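A.B. asks: Each residue of the sequence shown is one higher than the one before, starting from 15 at the first, in our numbering.
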Amino acid sequence: MKNYIQIEDNHTVDLFSKRGIMLVRGESAYVWDSEGKKYIDCVAGHGVAIVGHCNPAVVKALEDQSRKLITCPYSFYNDARARLMEKLIEITPEHLTRIFLCNSGAESIEAAIKFARLSTGRKEFICSMRGFHGRTMGALSATYNPKYRQDFEPLIEGFHHVPYNKFEKIEEIAGKNTAAIILEMVQGEGGVFPGDSEFFEQVQNLCTKKKILLIVDEVQTGFCRTGKMFAFEHFGLKPDILCLAKGMGGGLPVGAVLCTEDIKLGNGKHGTTFGGNPLVSAVALASINFMLEENLARQAEEKGKYFKENFKIDGLNKVREVRQLGLMIGIELKEKVQPYLAQLLEEGVLALPAGNTVLRLLPPLTIKYEDIDFVIKKLTKVLA
Ligand SMILES: Cc1ncc(COP(=O)(O)O)c(C=O)c1O
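1. What does the alpha-carbon distance come out to for the pair K32 and T371?
2. Whose CA, out of S133, I21, L256, Y178, lies closest to the CA of A193?
3. Where do the N-terminal and C-terminal ends of the alpha helix (DSSP H) with Y447 fall, by residue?
4. Pairs of beta-carbons, one from the region 259-269 and one from the region 292-299, closer than 8 angstroms: are there three or more?
5. Please write down, chain order preserved, every residue whose beta carbon lies under 6 angstroms from a heavy atom of ligand 1.
6. With DSSP as the reference, identify every bridge partner of G344, one or two as the case may be.
7. Would you mind stating whether V57 and L366 have Cβ atoms separated by less than 8 angstroms?
8. In terms of residues, what are the limits of the alpha helix (DSSP H) holding F214?
9. Out of curiosity, what's the CA-to-CA distance linking I255 and C68?
10. Over the uninterrupted beta strand (DSSP E) stretch that includes F173, give me the two end residues.
11. Entirely within the region 33-89 and at least 4 residues each: give me those alpha helix (DSSP H) ranges in chain order.
12. For V297, which of helix, strand or coil comes out of DSSP?
13. Taking 8 angstroms as the threshold, find out whether the region 198-216 comes into contact with the region 341-353 through three or more Cβ pairs.
14. Sorted by chain position, which residues of the same chain lie with C-beta nearer than 6 angstroms to I84's C-beta, five sequence neighbours on each side aside?
15. Could you pull out every unbroken beta strand (DSSP E) segment of at least 3 residues lying fully inside the region 220-272, listed in chain order?
16. Would you tell me roughly how many angstroms separate the C-alpha atoms of M305 and G241, rounded to the nearest one?
17. In the structure shown, what three-state DSSP assignment does F30 receive?
18. Going by DSSP, name the residue or residues bridged to F207.
19. Using the C-alpha atoms, what's the distance from T111 back to T222?
20. Excluding the 5 residues flanking C86 on each side, which residues of the same chain have their C-beta closer than 6 angstroms to its C-beta?
21. Tell me whether L115 sits in a helix, a strand or coil according to DSSP, three-state version.
22. From the DSSP output, read off the bridge partner residues of V139.
23. With DSSP run on the structure shown, which of helix, strand or coil describes P367?
24. Indicate whether the contact test is met: 3 or more Cβ pairs, each with one atom in the region 274-284 and one in the region 139-149, closer than 8 angstroms.
25. Answer yes or no: do A120 and R149 have a C-beta to C-beta separation smaller than 8 angstroms?
26. With a threshold of 7 angstroms on Cβ separation, who are the neighbours of L169 within its own chain once the five nearest residues in sequence on each side are excluded?
27. Please report how far the alpha carbon of Q352 lies from the alpha carbon of G172, in whole angstroms.
28. So, are the CB atoms of Y88 and G290 less than 8 angstroms apart?
29. Which one of E275, K224, N219, S211 has the shortest CA to CA distance from F246?
30. Would you decide whether T106 is buried or exposed? Buried here means 16 or more other CB atoms lie within 10 Å of its CB.
31. Does DSSP put L102 in a helix, in a strand, or in coil?
32. Under DSSP, the alpha helix (DSSP H) around Y91 begins and ends at which residues?
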C-alpha cells in the first residue's frame, strides 16, 4: 500500500497537528485505522457523526439521490431541497419560517451576520468571551480566542466580547447600534460551558426591548446532541436567527440558517453555489428522519445521564470537574489535555480537546451503553 501518511505530511498546508493514525472505515460509534485497530470514536468528526458513521439510512439516501440529481442551483426549484426545508420547518419553532442552506458552520455564521446587518441597518454585535463561531473573517470576528484572531486583524469592526453567563455587561453596551447578540447555548470549543437559563432569559428580554436580534449558534449543540433537538429548547429561548451545521448532514458538509419573516434581505445580497444541493439535502433529510425515528434526543439525554452517574471522579486526582449537557461532555483537567488524548488513543478511545485543559467527548448518539462503559473504564485508567 502507498504511504498515504507521507503523502499527507508532504502536501497538507501546515495548519493541522496530526494524531498519528490513518482512519479508513467507520460504523456507528466505531472507526478502524489502516492497521485494523478499532476505536470508539468520541471525536465523531468534531461532533458531526451524530447518527453514527456510515449510517445505513444516510448511505441509502446518498446512493438514491446520486442517481437522480447531484447539483442544482438556487435559481431552479428542486424536490430534495424542498423536502429538507419542509422538515427543518417542522422541527423548529413556528416563528422560524425562512431558510438559507449553505455548506458549513462558519458559512452559516457569515450569513447570519450579513442578514442581521442588512435587516437592521445596524453594524454592531455582542458576542461572548470564550465563544467560538468559526474561522472565516466574519465568523472569526465573532470568535473570542486571541490565538485564532491576532494574526488576522483588523477583523470586522463592531464586535464586542463580554463574559458568558453575565448579563450586566451586555446590558451596559447594548444600544441603538447593536444589530444582534450572538450566543452558543453551550460553549463548545471554549471548554464545554453550559449557558445559564436566567442569563438567557435576561438576554431575550433585552433583545425584545431594544429590537436587537438574537442569533443562536447551534452548530455544535444542534440536532439532539444535548438531549433536545436544539439546545435552546432547554431554556425556552426564541432565536430570531438560528445557525446549524455539523450533525445535520449525516457526515456531509452542510449548514443552515433559519430566520423569521421579519429578516428582510433582498435579491442578490448573499448567495452560494453548493448550498441546498440535492445530494446533501436528501442525505440531511434522511439523517434528521433517523434522529426523529430513533428519538436520538432522548437517547442523548439518557446516555448522558448514564455517563454522569457512572463516571466517578472521586480519586481521579487529575480531574477538576465534569461539565455536560446530554452527550456533550467536557472533563476539565488540572493539567494539559494532549498527553491524555494520546493515552486514550492507545487504549482505543478517540477524544478531542476543548482549549488546553478540557477533554471533550462528542460521541455519535448511537453509541451503545457497553461502549460508554468502555470509555469510562479507559478514562478512569488514564486519569487516575
Ligand atoms: C459553535 C460553533 N460555531 C461555528 C463553528 C464553525 O463550524 P465549521 O467548522 O463547520 O465552519 C463551530 C465549529 O466547531 C462551532 O463549534
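Glycine included, each C-beta is placed from N, C-alpha and C at the ideal position. It should be emphasised that the depicted structure is a prediction, and the values quoted were computed from it without experimental measurement.
C.D. replies: So, to answer that:
1. Computed Cα separation, rounded: 18 angstroms.
2. Out of S133, I21, L256, Y178, S133 has the C-alpha closest to the C-alpha of A193.
3. The requested residue 447 does not occur in the structure, where the chain is confined to residues 15 to 398.
4. Segments in contact, yes.
5. Taking a cut-off of 6 angstroms from the heavy atoms of ligand 1, the residues with a C-beta inside it are H60, S118, G119, A120, I123, F146, H147, G148, E198, G202, E203, D231, V233, Q234, A259.
6. The partner list for G344 (beta bridge, DSSP) reads R337, R374.
7. Closer than 8 angstroms, so yes.
8. In the DSSP annotation of this structure, the continuous segment of the alpha helix (DSSP H) that includes F214 starts and ends at 211-224.
9. Those two C-alpha atoms are separated by around 31 angstroms.
10. Per DSSP, F173 belongs to the beta strand (DSSP E) from 173-176.
11. Counting only runs of 4+ residues, the alpha helix (DSSP H) found wholly inside the region 33-89 occupies 58-61, 70-82, in chain order.
12. The DSSP-derived three-state label of V297 is helix.
13. The region 198-216 vs the region 341-353: in contact.
14. Around I84: L293.
15. Here the runs fully enclosed are 227-231, 255-258.
16. Here the alpha carbon of M305 sits roughly 11 angstroms from the alpha carbon of G241.
17. F30 falls in the coil class under three-state DSSP.
18. According to DSSP, F207 bridges with Q201.
19. In this structure, the CA atom of T222 is about 19 angstroms from the CA atom of T111.
20. Setting aside the 5 residues that flank it on each side, C86 is surrounded in the same chain by N92, P292, each with a C-beta closer than 6 angstroms to its C-beta; the list follows chain order.
21. Strand, per DSSP.
22. Note that residue 139 is Phe in the sequence shown here, rather than Val. Bridge pairing for F139: F173, A194 [DSSP].
23. Strand, per DSSP.
24. Output reads no: the region 139-149 does not touch the region 274-284.
25. Yes. Within cutoff.
26. M151, L154, S155, R163.
27. Q352 and G172 have their C-alpha atoms spaced approximately 35 angstroms apart.
28. In contact: Y88 and G290 (Cβ atoms closer than 8 angstroms).
29. Ranked by Cα distance from F246, the first of E275, K224, N219, S211 is S211.
30. Counting the other Cβ atoms within 10 Å of the Cβ of T106 gives 16 or more, which makes it buried.
31. Per DSSP, reduced to three states, the secondary structure at L102 is helical.
32. Where Y91 is concerned, there is no enclosing alpha helix (DSSP H), given that its DSSP letter is neither H nor E.
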